[in-house]
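First up is the structure itself, then whatever we jot down about it.
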Amino acid sequence: MDLETMTAQLERLRADALVAVEGAADAAALEQVHVSFLGRKGAITEILRGIAGLDAADRPRIGAVANDVRGAVEAAAVVRDEALRAAELESRLAAETVDVTTPGRRVARGSRHPIAETVAAIDEVFGRFGFVVHEGPEIEDDVTNFQMLNIPADHPARDLWATLYVDIDDHLLRTHTSPGQIRVMRETRPPIRALLPGRCFRYEAVDASHAFEFFQVEGLMVDEGTSLADLRGLLDEFAHALFGAARATRFRPGYYPFTEPSVAFDVECVVCDGGGCPACGRTGWMTILGAGMVHPVVLRYGGIDPERYQGFAFGMGVERIAMLRHGVHDLRLFMENDLRFLEQFR
Amino acid sequence: MRVPLSWLRDFVDVDLAPEALAERLTLLGMEVKGIERWGAAWRSVVVGELLTVERHPRADRLSLTTVTVGSGEPLHIVCGATNIAPGQRVPVALPGAILPGDRRIERTEKMGIASEGMLCSGDELELTTDADGILILPADTPLGADLSELYGDVVLDVDVKPNRGDALSLIGLAREVAAATGAPLRVPTVELAEVDPGVADRLRVVVEEPALCTRFVGRIVSGVTGGPSPDRVQMRLRAAGMRPVSNVVDATNYVMLETGKPTHAFDASAIHDATIVVRRARAGERLETLDHVVRELDAETLVIADPRGPLAIAGVMGGAASEVTDATTEVVIESAIFDPVSIRRTGQRYALRSEASQRFEKGQDVPTARIGADRVAGLVAAWAGGRVLRGRVDTDPVEPGPSRVAFRPARVDRLLGTSLSADEQALLLARVGIETEPAPAAAVIPVAAGDDPLAVSVDGGDARVALVPTWRRDIEIEADIIEEIARVRGYETVPARRPETQMPAYRPSPLAVRDAVREVLVGAGLVEVVTHALVAPASLDQLAWPDDGDLPSVEVRSGGPVVTVRNPLAAQHSVLRQHVVPSLLDVLATNERHGRSRVAIFEVGKGYAKDTDGPREWWRLAFVLGGAADPAAWSRVERPYDLDDAKAILELVAERLSLRAPSFVPDQRGAPFHPGRAAAVTATIGDTGGPAAPGFVTRPGAIAVVGHVAELHPDVLAAWDLRAVRVLAAEVAIVGLGGGTLAAPMARPLSRVPSVERDLAVVVREDVPAGVVASTASRAAGELLRDLRLFDVYRGAPLATDEKSLAIRLVLQAPDRTLTDDEVDAVVRSVTDGLSVDLGARLRT
Chain F
0 MDLETMTAQL ERLRADALVA VEGAADAAAL EQVHVSFLGR KGAITEILRG
50 IAGLDAADRP RIGAVANDVR GAVEAAAVVR DEALRAAELE SRLAAETVDV
100 TTPGRRVARG SRHPIAETVA AIDEVFGRFG FVVHEGPEIE DDVTNFQMLN
150 IPADHPARDL WATLYVDIDD HLLRTHTSPG QIRVMRETRP PIRALLPGRC
200 FRYEAVDASH AFEFFQVEGL MVDEGTSLAD LRGLLDEFAH ALFGAARATR
250 FRPGYYPFTE PSVAFDVECV VCDGGGCPAC GRTGWMTILG AGMVHPVVLR
300 YGGIDPERYQ GFAFGMGVER IAMLRHGVHD LRLFMENDLR FLEQFR
Chain H
0 MRVPLSWLRD FVDVDLAPEA LAERLTLLGM EVKGIERWGA AWRSVVVGEL
50 LTVERHPRAD RLSLTTVTVG SGEPLHIVCG ATNIAPGQRV PVALPGAILP
100 GDRRIERTEK MGIASEGMLC SGDELELTTD ADGILILPAD TPLGADLSEL
150 YGDVVLDVDV KPNRGDALSL IGLAREVAAA TGAPLRVPTV ELAEVDPGVA
200 DRLRVVVEEP ALCTRFVGRI VSGVTGGPSP DRVQMRLRAA GMRPVSNVVD
250 ATNYVMLETG KPTHAFDASA IHDATIVVRR ARAGERLETL DHVVRELDAE
300 TLVIADPRGP LAIAGVMGGA ASEVTDATTE VVIESAIFDP VSIRRTGQRY
350 ALRSEASQRF EKGQDVPTAR IGADRVAGLV AAWAGGRVLR GRVDTDPVEP
400 GPSRVAFRPA RVDRLLGTSL SADEQALLLA RVGIETEPAP AAAVIPVAAG
450 DDPLAVSVDG GDARVALVPT WRRDIEIEAD IIEEIARVRG YETVPARRPE
500 TQMPAYRPSP LAVRDAVREV LVGAGLVEVV THALVAPASL DQLAWPDDGD
550 LPSVEVRSGG PVVTVRNPLA AQHSVLRQHV VPSLLDVLAT NERHGRSRVA
600 IFEVGKGYAK DTDGPREWWR LAFVLGGAAD PAAWSRVERP YDLDDAKAIL
650 ELVAERLSLR APSFVPDQRG APFHPGRAAA VTATIGDTGG PAAPGFVTRP
700 GAIAVVGHVA ELHPDVLAAW DLRAVRVLAA EVAIVGLGGG TLAAPMARPL
750 SRVPSVERDL AVVVREDVPA GVVASTASRA AGELLRDLRL FDVYRGAPLA
800 TDEKSLAIRL VLQAPDRTLT DDEVDAVVRS VTDGLSVDLG ARLRT
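From first to last, the protein sequence lines stand for chains F and H.
For the record, in the first sequence the residue sitting at position 6 is 5 according to numbering that gives the first Met the number 0, with numbers rising by one throughout.
For the record, in the second sequence the residue sitting at position 459 is 458 according to numbering that gives the first Met the number 0, with numbers rising by one throughout.
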């Protein structure tokens, strides 16, 4: 065989191989083409067997041609391989199309009860002002629940708290979280900033705004100069945190035996924004809590010298706050535990 | 307290619209709860004058009248009343009129004669109680005027707080209005035309209990004629919420509303020997009270008596026998001051809380005893036509002056956060009738009153003395004066500022563990519920959830005598619960009734008991699972909750609290549990610590979770009438639940050497729990074991029927080197030997 023939064979082979590479339908076929042309027993190798019959001078030349052909076919195979891979990926992805409009596969998640969630929200606000949580017993003694709060036995103010009594001498179900004030004052020393959440009980018929079991959060701050102005400032912060910074507040006289002066604290109606509606009795205001400066008698029962220290206390109904925050109109929903209601607080 | 504005205006001018007045009073601490428009129910009722009154030709009991209403043709109106005569002015409901109760008046025909409207009785207008006669208006009533303009009124409903008994009166509230608006107050003085003989000759009063009746003022009006009180009076009483009774009784009620002083009128003829004795009732004495209930009296009850026996329960209710009637000709008026506590107790004991007793309970302004007696006597004479006998019987005619309360102007600012001069303070106090004067050189400030009063001596230069009027019995100490200053000035003027005081020391929140547990349960798909602590006694027996009292206790132990409410609202809320699970089953049942099948709920709640030394309360986590763990979806089949779901929740809780994995020990007690699907659970503190709580030693191995988890017995599901086939429940005590802190999880260095996994199939008898296989294998594996997991259970051929095969995966790793095959084989051999020796296990090949 001479150089020309061999060169021609290689060139034909190049043409055939390139056609074959282009024609390979998938990776396996391409591999087959690769093996059949470029493999150890492939066509080029076959042709190059004839190299021994060439002149020594022609051998490098035919080698160069062979390398060129090999390189061209290799290159074409790489290109074809990439094309095939891309096509394959594309078709796989196309086959994997899902209906993206089907619902997601949910992991079941529960929800916190709105009362617990509201207590946490209240705690969050006052916690940032340095108030720390304390807790007292629900079965309270009469002395702490009433007498130490400046509500003597047979005092008409007792009518404000319809009481459930239990079969333990001198004990009752606490009617408010206020006895916690006494406990905190006896356990700690000023400066005091305490928050007392908890369950309370009253002899009260159930309706849309009353319950015989309910939750309160009490606050107490005592120090040398703590004033009514401090109370007002903090309550404003609280109201703005829960009901929006633009919401007006109102500070007016209230009455509690354990505070003097006593305060009722209103926010602009969350339903009508102050315009007046049935929800706020057309006054434009909703009372959210009671408060006042701790009565000197209460400070003394707490073991604190009212000449040196003064402070404020406040108490709010958690359900009331939760109702205003979440647009709930019937307090009974909180203890009915209808999951259709509770799951709205996820 | 219902306040008709027309009546209030007797004592103070009011220029404000009712809403504006209501707001002023509210901001002064006299909260107006409602504004009622009295007479708002009247439409097209005008004043007419009767021109003619003739007998109806076909009905003896009807009259034909012609009435002019000032303009237009006279109206022909048929009327059934007999008290009418030409010239009288009367209320006329024109055709189209509306009366109270939405009663519409139209042109009608009565016995063949047209009637162009209706003449109205006081009752039809809800102005007086007279339903028989037409309401005859004063002759100078303007003809044609709209009745609602003339007799309509605005009634404010004022929430008077218990400390302000003085404001349970129109004069008291008029004082507040005067303070708010600056308008002058007009308190009428009573001037009586008295006749002989003197009262002292006709009435003897003996007070045997001067501590319970500190003052008794008596007056007599003689020659009275019983009958209704004037229409105007009846209207006012009605607007104020009281029922008109008779001229004499109405006079006492009128004065009570006006002055706040309850009085009582006796028929003098019923007082034996003209002698009144104020004493305690004697055992066995009985009295028929005005409500015609015969009451057994006891020695705690103060009575107004005559020498023969009780006439009235003092301050609470009169007696029927001495009641003033139309036959009464002479009236004895009692105007006394009683001990507030005694009256309150009596009212509670007899379940009799009257308008009078509520005023006595709050304490009485001493001079009103005299003023009330005089005012009632004057009104009785005016309305019932009698003569007031000269003078009074008065057991303590010396009346106190203003009380003196020293205060420090600087303290006012310190407490309020204001800066007011002493003069400004004095001016504010003056608006509520409190004058001030300089304090003596050594002033004594009343800081606290009550059983343990506190007074401090200060330099007189730093103090002022407030002269508090007798009616302000609520002002006793310096803080009361400060409130008064703030109140009159307006709380709105108190500046709002943030405290600039020292921060308290850090204190961890006692809610930390409770909140962490809640977060785990919510994440695990459970909905938090809050249920009643007060439950039905029957529910305590309905589910005998075991107490943990015999287990190593964490927190407060449960169980013990049940706490019962002495005055329950209802039987189903009369005892305090001891377990939370029954409440959760109630919730499950409720939700099933709403059509829910999947119910996964939890509560962190309390149980309660009483010990000999007092009450005990404990916190528990409880949850209940029913229905589908994985609800069916287009991509997945439904799977019901089972015990392993319940256990997994406890495992998650243990993990969150940095505890060791909980251990479950079979509990085969049966009811309330499924005997084969119940476990006692415990979890212990691991090597790196766990939650801490007061009184709890956090050391490795200490029990931190204890309780039970179980599938409930079918009998329990039946008792709750549940549709769910299987319900899982757990209730556990957790250290720190009642107040504790969480441990920060400790990180272990990551191993840089590979771990080796070996799977073993271990054949054991059916009754060997997997937990025992796992713990035995762990013990045998030694310190190279990193993890051990059960991943399959197989029963069936070729195993014997009482055998099962457990597939467990051992993960082995040394901290510092790659394990050799020999080392791994040695561990596996040790495990298989251990299982074989301890449990009779063999390897399945």
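In this text, a Cβ means the ideal position worked out from N, Cα and C, and glycines have one as well.
Which residues, in order along the stretch 605–621 of chain H, keep a beta-carbon less than 8 Å from a beta-carbon of chain F? For the stretch 605–621 of chain H, which is checked against every Cβ of chain F, the residues closer than 8 Å are Lys605, Tyr607, Lys609, Gly613, Pro614, Glu616.
Taking the alpha carbon of H:Val575 as the reference point, which residue from H:Lys803, H:Arg778, H:Leu539, H:Ala177 has its own alpha carbon closest? For the sequence presented, residue 575 of chain H should be read as Leu rather than Val. Residue H:Leu539 is the option with its Cα nearest to H:Leu575.
Compare the beta carbon distance of H:Arg279 and H:Thr300 with 8 Å and say whether it is the shorter of the two. Cβ distance < 8 Å, so H:Arg279 and H:Thr300 count as in contact.
Report the residue ranges of all beta strand (DSSP E) runs contained in full by the stretch 542–623 of chain H; include only those spanning at least 3 residues, in chain order. Annotation: the stretch 542–623 of chain H contains the following complete segments of the beta strand (DSSP E) (minimum length 3 residues), in chain order: 598–610.
In the structure shown, what three-state DSSP assignment does H:Pro99 receive? Coil at H:Pro99, not helix or strand.
Would H:Trp633 pass as an interface residue toward chain F - the criterion being a Cβ-Cβ separation below 8 Å? It does: the Cβ of H:Trp633 has a partner Cβ on chain F nearer than 8 Å.
Would you report the Cα separation of H:Val487 and F:Phe264, rounded to the nearest angstrom? When rounded, the distance between both Cα atoms is 17 Å.
H:Phe663 by DSSP, collapsed to three states: which one? Three-state DSSP puts H:Phe663 in a strand.
Can you pull the chain H neighbours of F:Pro59, defined as C-beta to C-beta under 9 Å? The premise fails here: F:Pro59 is roughly 53 Å from chain H at the closest Cβ pair, so nothing lies under 9 Å.
Three or more beta-carbon pairs under 8 Å between the stretch 97–111 of chain H and the stretch 37–52 of chain H, yes or no? Output reads yes: the stretch 37–52 of chain H touches the stretch 97–111 of chain H.
Within-8 Å CB hit, H:Met255 to chain F: For H:Met255, the closest Cβ of chain F is not nearer than 8 Å.
8 Å contact criterion, which H:Ala405 and H:Ile370 should meet: CB distance rounded: No, H:Ala405 and H:Ile370 are not in contact; Cβ-Cβ is about 29 Å, not under 8 Å.
To test your reading of the DSSP string, which unbroken alpha helix (DSSP H) runs of 4 or more residues are found completely within the stretch 700–776 of chain H? DSSP runs (the alpha helix (DSSP H)) wholly in the stretch 700–776 of chain H: 713–718.
Looking only at its own chain, which residues have a Cβ that is under 6 Å from the Cβ of H:Leu172, when we skip the five neighbours before and after it? Closer than 6 Å at Cβ, skipping near neighbours: Val2, Ala166.
Considering only DSSP beta bridges, list what H:Pro3 is partnered with. According to DSSP, H:Pro3 bridges with H:Val154.
Residue range of the beta strand (DSSP E) that includes H:Gln812: Segment: none, H:Gln812 is in no beta strand (DSSP E) and carries neither H nor E.
Would H:Val526 count as contacting chain F if we go by Cβ distances under 8 Å? Output row for H:Val526: interface = yes.
Is the beta carbon of H:Glu398 less than 8 Å from the beta carbon of H:Pro437? Not closer than 8 Å, so no.
Could you tell me which of F:Gly109, F:Leu83, F:Ala65, F:Ile46 sits nearest to H:Val521, measuring between CA atoms? Among F:Gly109, F:Leu83, F:Ala65, F:Ile46, the Cα nearest to that of H:Val521 is on F:Gly109.
Would F:Val266 pass as a contact of F:Phe250 if the rule is Cβ separation under 8 Å? For F:Val266 and F:Phe250, no; Cβs fall outside 8 Å.
Around the C-beta of H:Met110, are 16 or more other C-beta atoms found within 10 angstroms, so that it is buried, or is it exposed? Here H:Met110 is exposed. Its C-beta has fewer than 16 other C-beta atoms within 10 Å.
Where F:Tyr254 meets chain H, residues with beta-carbon distance less than 8 Å: Those within 8 Å of F:Tyr254 in chain H are Gly28, Lys160, Pro161, Asn162, Arg163.
Beta-carbon within less than 8 Å of F:Ala65's beta-carbon, same chain only, minus the 5 sequence neighbours each way: which residues are those? Only Leu9, Ile43, Ile46, Leu47 meet the Cβ criterion.
Limits of the alpha helix (DSSP H) - the one that H:Tyr253 falls within: In the DSSP annotation of this structure, the continuous segment of the alpha helix (DSSP H) that includes H:Tyr253 starts and ends at 246–258.
Could you tell me the distance, in whole angstroms, from the CA atom of H:Ala647 to the CA atom of H:Val680? Cα-Cα distance, rounded: 12 Å.
Using a Cβ-based criterion (distance less than 7 Å to any ligand heavy atom), does F:Glu81 qualify as near the ligand SAM? The model depicted lacks the ligand SAM and carries no ligand whatsoever.
Taking only beta carbons into account, state which residues of the stretch 723–753 of chain H come closer than 9 Å to chain F, listed in chain order. Of all residues in the stretch 723–753 of chain H, only Gly737, Gly738 place a beta-carbon less than 9 Å from a beta-carbon of chain F.
Check each residue of the stretch 399–420 of chain H: if its Cβ is closer than 8 Å to any Cβ of chain F, include it; give the result in chain order. Result list: Arg413, Leu414, Leu415, Gly416, Thr417.
Is the stretch 708–727 of chain H touching the stretch 776–788 of chain H, taking contact as three or more C-beta pairs under 8 Å? No: fewer than three Cβ pairs fall under 8 Å.
At least three beta-carbon pairs within less than 8 Å, the stretch 651–660 of chain H to the stretch 688–706 of chain H: A contact exists between the stretch 651–660 of chain H and the stretch 688–706 of chain H.
With 8 Å as the threshold, decide whether the Cβ of H:Leu714 is near any Cβ in chain F. It is worth fixing the name first, because residue 714 of chain H is Asp in this sequence and not Leu. Residue-level contact by beta carbon fails for H:Asp714 and chain F, as no gap is shorter than 8 Å.
Rounded to whole angstroms, what's the CA-CA distance from F:Asp222 to H:Glu257? Just pull it up for me. In a straight line, the C-alpha of F:Asp222 is about 44 Å away from that of H:Glu257.
Counting only C-beta atoms, is F:Tyr202 closer than 8 Å to chain H at any point? Yes - at least one Cβ of chain H is within 8 Å of the one on F:Tyr202.
Member of F:Asn336, F:Leu341, F:Phe213 whose CA lies at the smallest distance from the CA of H:Leu584: The shortest C-alpha separation from H:Leu584 is found at F:Asn336.
Since H:Cys78 sits in a beta bridge, which residues does DSSP pair it with? Under DSSP, H:Cys78 takes part in a beta bridge, and its partners are H:Ser62.
Under 8 Å, do H:Val247 and H:Val323 count as touching if we go by C-beta distance? In this structure, H:Val323 lies closer than 8 Å to H:Val247 by Cβ.
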